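2 protein chains.
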Amino acid sequence: MNRQNYSKYDFILKNINRHVKLNRSEIDFFCSILEFKTYKKKELILMPNKIADYEIFINSGCVKCYTIDNKGVEHISLFAIEGWWTGDLYSYISDKPATFFIETIEDSEIITISKQQKEILYKKVLKFERFFRTLYQNSLASHIRRINQNISFSAEEKYLNFKKNNPAIEKRVSQKNLASYLGVTPEFLSLLKKRLSNKS
Amino acid sequence: MNRQNYSKYDFILKNINRHVKLNRSEIDFFCSILEFKTYKKKELILMPNKIADYEIFINSGCVKCYTIDNKGVEHISLFAIEGWWTGDLYSYISDKPATFFIETIEDSEIITISKQQKEILYKKVLKFERFFRTLYQNSLASHIRRINQNISFSAEEKYLNFKKNNPAIEKRVSQKNLASYLGVTPEFLSLLKKRLSNKS
DNA sequence: CGTCTATTTGAATGTACTCAAAAGCGGTGG
DNA sequence: CCACCGCTTTTGAGTACATTCAAATAGACG
Numbered sequence: 005m006n007r008q009n010y011s012k013y014d015f016i017l018k019n020i021n022r023h024v025k026l027n028r029s030e031i032d033f034f035c036s037i038l039e040f041k042t043y044k045k046k047e048l049i050l051m052p053n054k055i056a057d058y059e060i061f062i063n064s065g066c067v068k069c070y071t072i073d074n075k076g077v078e079h080i081s082l083f084a085i086e087g088w089w090t091g092d093l094y095s096y097i098s099d100k101p102a103t104f105f106i107e108t109i110e111d112s113e114i115i116t117i118s119k120q121q122k123e124i125l126y127k128k129v130l131k132f133e134r135f136f137r138t139l140y141q142n143s144l145a146s147h148i149r150r151i152n153q154n155i156s157f158s159a160e161e162k163y164l165n166f167k168k169n170n171p172a173i174e175k176r177v178s179q180k181n182l183a184s185y186l187g188v189t190p191e192f193l194s195l196l197k198k199r200l201s202n203k204s
Numbered sequence: 005m006n007r008q009n010y011s012k013y014d015f016i017l018k019n020i021n022r023h024v025k026l027n028r029s030e031i032d033f034f035c036s037i038l039e040f041k042t043y044k045k046k047e048l049i050l051m052p053n054k055i056a057d058y059e060i061f062i063n064s065g066c067v068k069c070y071t072i073d074n075k076g077v078e079h080i081s082l083f084a085i086e087g088w089w090t091g092d093l094y095s096y097i098s099d100k101p102a103t104f105f106i107e108t109i110e111d112s113e114i115i116t117i118s119k120q121q122k123e124i125l126y127k128k129v130l131k132f133e134r135f136f137r138t139l140y141q142n143s144l145a146s147h148i149r150r151i152n153q154n155i156s157f158s159a160e161e162k163y164l165n166f167k168k169n170n171p172a173i174e175k176r177v178s179q180k181n182l183a184s185y186l187g188v189t190p191e192f193l194s195l196l197k198k199r200l201s202n203k204s
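Given below as structure tokens:
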């Protein structure tokens, strides 16, 4: 491969490079196991009952991960934009059917790594154990914080906090989706925003 | 060290052994960086403003990790019993002051690994990257599920679900602590239990 | 046995939801 | 380019879930 051919890998390699430094042959092998896929807005990447035996890197665009409860209500557990990793980790680990839907919110390009290839990658390039260890560690820290906020914050506090910490995402998702992420109804989030704008 | 001297390390070594196999010299080094501490019930292991530059393995007993909000209310984000790992991961990663209290619920023995020693361990015994990668990965999967349940379940569903999946812990913590973990008031949890017992 | 904390009970209140309808907005086809 | 359709957002009334506050009861521990 000449340098030119790496351009489509630039973004993900930059992501890896945050935590581990790869040499040329390691880069080559890593790139060789990646699969690119493009989706239009509102397409499903994953749905329950499929096995999610891969992890997903968002190269561009925006997706939501959600479940649908027995009343047909959607509950979004995560938004992921370009540069974020996602998937259905429980399905990935257990080889059981997924419990989450993953759906694009914008036209998106994703990169997937299959579990099988990733295990080979771990063996061949040990540094990736460190990379994913760091990735999961950081992700875990932010999920712990989110749980703490879920049990201690009011809906208004959760909304203000999300807005403050994720201004980029707040602009890109609908209010309905944001309500679902915060765990409130769209009607109530609308009321909250009105109250807040009246205050100021 | 003769075999006898390893006995106090048995439980944590068994824990490590779930994911990686160590040889004798790796075991020796690992054990050499561990620190044992014992606490009586209701003692604080960690409090906000201290730097949590270590991770904690619960060798015996039970602890709770919680924050206290500006109204003085306690919010428990995790219970950990023997065989579980805990800490204040955000403080650990960022080297900033902890945001969590960690307090024993029973007389407990804990093992700590300092961040500094752990980094040396990663370099010396690469397998530990794999061990902690797996540990964080599994922990992340369960935290994602918990977030999903927090935003989609009613208090009653959260309670029944906790009881079903953590019968061992439910018996060991007070109802007040469980209420705090579920994100409801102790009074309301008491009411819920009464309603449920009337149903059956 | 007495003290301290946890749990239960009940009444009043507040937060967030449900249902319904209107208004706004974006995409699509004529 | 405009008109229409479907979906999102807003608004409001009525309701349900969960909290607050207060007081009584039960349990744990020295």
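So the protein sequences, as listed, match chains A and B.
Quick note on the working numbering: the first sequence kicks off at 5 and runs consecutively.
Quick note on the working numbering: the second sequence kicks off at 5 and runs consecutively.
In this text, a Cβ means the ideal position worked out from N, Cα and C, and glycines have one as well.
Please read these numbers as outputs of a predicted model, since none were measured by experiment.
request  = Report the three-state DSSP secondary structure of Lys131 (chain B) (helix, strand or coil).
outcome  = Residue numbering aside, residue 131 (chain B) sits at position 127 when the second sequence is read from its first letter. The answer is helix: DSSP assigns Lys131 (chain B) an H, G or I state.
Euclidean distance between Cα positions of Ala84 (chain A) and Leu93 (chain A) = Counting from one through the first sequence, the residue named residue 84 (chain A) turns up at place 80. Counting from one through the first sequence, the residue named residue 93 (chain A) turns up at place 89. Approximately 14 Å, taken between the alpha carbons.
key: Exposure of Val67 (chain B), with buried meaning 16 or more beta-carbon neighbours within 10 Å   = As a first step, residue 67 (chain B) is located in the second sequence; it is residue number 63 there, counting from the start. Looking at its Cβ environment, which holds 16 or more other Cβ atoms inside 10 Å, Val67 (chain B) is buried.
ask   = Taking C-beta to C-beta, are His79 (chain A) and His147 (chain B) nearer than 8 Å?
value = Within the first sequence, residue 79 (chain A) is the residue found at index 75, counting from 1. Within the second sequence, residue 147 (chain B) is the residue found at index 143, counting from 1. No. Outside cutoff.
ask   = Could you give the distance in angstroms between the alpha-carbon of Tyr126 (chain A) and the alpha-carbon of Ile124 (chain B)?
value = Counting from one through the first sequence, the residue named residue 126 (chain A) turns up at place 122. Counting from one through the second sequence, the residue named residue 124 (chain B) turns up at place 120. Those two C-alpha atoms are separated by around 20 Å.
request  = Indicate whether at least one CB of chain A lies closer than 8 Å to the CB of Asn181 (chain B).
outcome  = Counting from 1 along the second sequence, the entry for residue 181 (chain B) is found at position 177. No - not a single Cβ of chain A is within 8 Å of the one on Asn181 (chain B).
request  = Identify which residue in B:Cys35, B:Asn181, B:Phe104, B:Ser64 has its Cα closest to the Cα of Ile55 (chain B).
outcome  = The residue you call residue 55 (chain B) lines up with position 51 of the second sequence. Cα-wise, what sits closest to Ile55 (chain B) is B:Phe104.
task = Using a cut-off of 7 Å between C-beta atoms, extract the partners of Asn202 (chain A) located in chain B.
result = Within the first sequence, residue 202 (chain A) is the residue found at index 198, counting from 1. None at all; the shortest Cβ gap to chain B is about 24 Å.
query = Can you find at least 3 beta carbon pairs, one from the stretch 100-115 of chain A and one from the stretch 37-45 of chain A, that sit closer than 8 Å?
reply = yes
Where the beta strand (DSSP E) containing Asn63 (chain A) begins and where it ends = To locate residue 63 (chain A), count along the first sequence from 1; it is residue 59. From DSSP, the beta strand (DSSP E) with Asn63 (chain A) extends over 58-64.
key: DSSP beta-bridge partners of Lys206 (chain A)   = The structure shown has nothing for residue 206 (chain A), since chain A only spans 5 to 204.
key: Classification of Ala183 (chain A) by the beta-carbon crowding that lies within 10 angstroms, buried from 16 upward   = Residue numbering aside, residue 183 (chain A) sits at position 179 when the first sequence is read from its first letter. Ala183 (chain A) is buried by the Cβ-count criterion.
task = At 7 Å on the CB atoms, spell out the chain A contacts of Tyr140 (chain B), in chain order.
result = Position 136 of the second sequence holds residue 140 (chain B). Near Tyr140 (chain B) (Cβ distances below 7 Å), the residues of chain A are Arg137, Tyr140, Gln141, Leu144.
ask   = Exposed or buried, which one is Ser156 (chain A) when buried takes at least 16 other CB atoms within 10 Å?
value = The residue given as residue 156 (chain A) occupies position 152 in the first sequence. Result: buried.
key: Per DSSP, the bridge partner or partners of Pro101 (chain B)   = Here the question's residue 101 (chain B) lines up with position 97 in the second sequence. Looking at the DSSP assignment, Pro101 (chain B) forms a beta bridge with B:Ile55.
request  = Compute the distance between the beta-carbons of Ser118 (chain B) and Tyr163 (chain B), then report whether it is under 8 Å.
outcome  = As a first step, residue 118 (chain B) must be located in the second sequence, where it is residue number 114. As a first step, residue 163 (chain B) must be located in the second sequence, where it is residue number 159. Going by C-beta atoms, Ser118 (chain B) is not nearer than 8 Å to Tyr163 (chain B).
query = Quick one, are the C-beta atoms of Phe34 (chain A) and Leu26 (chain A) less than 8 Å apart?
reply = What you label residue 34 (chain A) is simply residue 30 of the first sequence in a count that begins at 1. What you label residue 26 (chain A) is simply residue 22 of the first sequence in a count that begins at 1. Using a Cβ distance threshold of 8 Å, Phe34 (chain A) and Leu26 (chain A) count as a contacting pair.
inquiry  = Taking the beta carbon of Arg150 (chain A) as the centre, do at least 16 other beta carbons fall within 10 Å, making it buried, or is it exposed?
reply    = Here residue 150 (chain A) corresponds to residue number 146 of the first sequence, with the count starting at 1. Its Cβ being crowded by 16 or more others within 10 Å, Arg150 (chain A) is buried.
inquiry  = Taking 8 Å as the threshold (beta carbon to beta carbon), is Asp3 (chain B) in contact with chain A?
reply    = The question about residue 3 (chain B) has no answer here: the residues shown for chain B are numbered 5 through 204.
key: Per-residue burial, Arg7 (chain A) [other beta carbons within 10 Å of its own, 16 or more giving buried]   = Within the first sequence, numbered from 1, the residue matching residue 7 (chain A) stands at position 3. Annotation note: pLDDT 49 at Arg7 (chain A) (below 50); position unreliable, no value reported.
message = Between Leu93 (chain A) and chain B, is the shortest Cβ-Cβ distance under 8 Å, so that the two count as touching?
response = Locating residue 93 (chain A) in the first sequence gives position 89, counting from the first residue. Taking Cβ atoms only, chain B reaches closer than 8 Å to Leu93 (chain A), which makes this a yes.
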